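Engineer:
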Amino acid sequence: MSSEVEISCKININEKSLGSSQFKLNESVIFCTIYGLYDCKIDSQDNIEVIYKDNSASKVKETYYAETLKEVITPFLYIDNNLHNENKYFKIIFVANSGYEMCYSDSKSFSSNAFVCCINAGILALVQAGIPLKSLFYASTSFKLPDEFLVFKNGLDRPFYIHAFGDCEDIDMQVVGNTLKNIRDEVDFCLEKGMEMHLF
Numbered sequence: 001m002s003s004e005v006e007i008s009c010k011i012n013i014n015e016k017s018l019g020s021s022q023f024k025l026n027e028s029v030i031f032c033t034i035y036g037l038y039d040c041k042i043d044s045q046d047n048i049e050v051i052y053k054d055n056s057a058s059k060v061k062e063t064y065y066a067e068t069l070k071e072v073i074t075p076f077l078y079i080d081n082n083l084h085n086e087n088k089y090f091k092i093i094f095v096a097n098s099g100y101e102m103c104y105s106d107s108k109s110f111s112s113n114a115f116v117c118c119i120n121a122g123i124l125a126l127v128q129a130g131i132p133l134k135s136l137f138y139a140s141t142s143f144k145l146p147d148e149f150l151v152f153k154n155g156l157d158r159p160f161y162i163h164a165f166g167d168c169e170d171i172d173m174q175v176v177g178n179t180l181k182n183i184r185d186e187v188d189f190c191l192e193k194g195m196e197m198h199l200f
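If you read the sequence shown in UniProt numbering, its first letter stands for residue 1, the second for the next number, and so on.
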């Protein structure tokens, strides 16, 4: 895996949505769009629905990605009583631009960047949509394991959430830290360009 990591991001790519973003890490690109608010169909329905779409992935993989992303994002949301009382929910839709990218770090290990891109695209779109957050959060990776990503709360160096298929001891935390710094700088710079952050 080359030490050079290409990162870029944008917000407000879909003016008809509450919030939207694009996040690129090397060759992986994810688009995130937030729509709502919608009326809940049943009283027990969650206030957030997460959808992941990838034309090159199976329905099982799309469902797994959506459920994992919802598990990661939900703890950071400040869902107020108004949303509960009014029985409203919003949708977060992630779309993979160019399929399931594999980044080979050596002859025996590999990683996809889709999860990392989704989570960082998610925070960009959530802030642009004005969804109140308990904290900013960022995802990073060492590019070592399949579907590897680590989530960090703003200002903290220890991961809040770790996901990978394989032995997590193989994760190179120095690479994670370096990549995290670059991602955090890029995301923060993008958000600072005219965005008001709603933090509680």
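No residue lacks a Cβ here, since even glycine has one placed at the ideal position from N, Cα and C.
Predicted, not measured: the structure shown is a model, and the values here were computed from it.
1. What is the DSSP secondary structure of L124, reduced to helix, strand or coil?
2. Quick one: give me the first and last residue of the beta strand (DSSP E) that K181 is part of.
3. According to DSSP, simplified to helix, strand and coil, what is F149?
4. Counting contacts by CB-CB distance shorter than 7 Å, is D157 in contact with chain B?
5. Excluding the 5 residues preceding and the 5 following V187 in the sequence, name in chain order all residues of the same chain whose CB lies nearer than 7 Å to its CB.
6. Taking a contact to mean a Cβ-Cβ separation below 7 Å, would you say S17 touches I34 in this structure?
7. Using only the alpha-carbon positions, how far apart do I93 and A129 sit?
8. Using the C-alpha atoms, what's the distance from S58 back to Y38?
9. Determine the direct distance from the alpha carbon of F76 to that of Y65, and round the result to whole angstroms.
10. In this structure, how does DSSP classify D46 when only helix, strand and coil are distinguished?
11. Under the three-state reduction of DSSP, which class applies to Y78: helix, strand or coil?
12. Following the continuous beta strand (DSSP E) through K70, name the residue where it begins and the one where it ends.
13. Would a C-beta distance cut-off of 7 Å place E62 and K91 closer than the cut-off?
14. Excluding the 5 residues preceding and the 5 following E4 in the sequence, name in chain order all residues of the same chain whose CB lies nearer than 6 Å to its CB.
15. So, for S142: in the same chain, excluding its five sequence neighbours on each side, which residues have a beta-carbon less than 6 Å away from its beta-carbon?
16. The beta strand (DSSP E) that contains S140, what's its start and end?
17. Could you pull out every residue in the same chain whose Cβ sits closer than 6 Å to the Cβ of Q22, ignoring the five residues on either side in sequence?
18. If you draw a straight line from the alpha carbon of Y78 to that of L180, how long is it in whole angstroms?
19. Look at the Cβ atom of C117, then the Cβ atom of S20, and state whether they are nearer than 7 Å.
20. Cα separation between K153 and I131?
21. What does DSSP give as the partner residue(s) for A96 in the beta ladder?
Structural biologist: The answer reads as follows:
1. Here L124 sits in helix by DSSP.
2. Annotation for K181: no beta strand (DSSP E) segment contains it, though the alpha helix (DSSP H) segment containing it runs 173–192.
3. Note: F149 maps to strand in three-state DSSP.
4. The structure shown has no chain B; it contains just one protein chain.
5. If we look at V187 and ignore the five residues flanking it on each side, its Cβ neighbours are C9, N120, I123, L124, Y138.
6. Less than 7 Å divides the Cβ of S17 from the Cβ of I34.
7. Cα to Cα, the separation comes out at about 13 Å.
8. One C-alpha to the other measures close to 27 Å.
9. Taking the straight line from one Cα to the other gives about 18 Å.
10. It is coil, neither helix nor strand.
11. The DSSP-derived three-state label of Y78 is coil.
12. No beta strand (DSSP E) contains K70, which is instead part of the alpha helix (DSSP H) from 59–73.
13. K91 is positioned such that its CB atom lies no closer than 7 Å to that of E62.
14. Nothing meets the Cβ criterion.
15. Once the five neighbours on either side are set aside, the close Cβ partners of S142 are I171, D172, V175, V176.
16. Unbroken beta strand (DSSP E) run through S140: 137–140.
17. So the qualifying residues of the chain are K10, I13, F31.
18. Spanning the two alpha carbons is a distance of roughly 24 Å.
19. Using a Cβ distance threshold of 7 Å, C117 and S20 do not count as a contacting pair.
20. If you draw a straight line from the Cα of K153 to the Cα of I131, it comes to about 17 Å.
21. Residue pairing by DSSP places A96 opposite I30 in a beta bridge.
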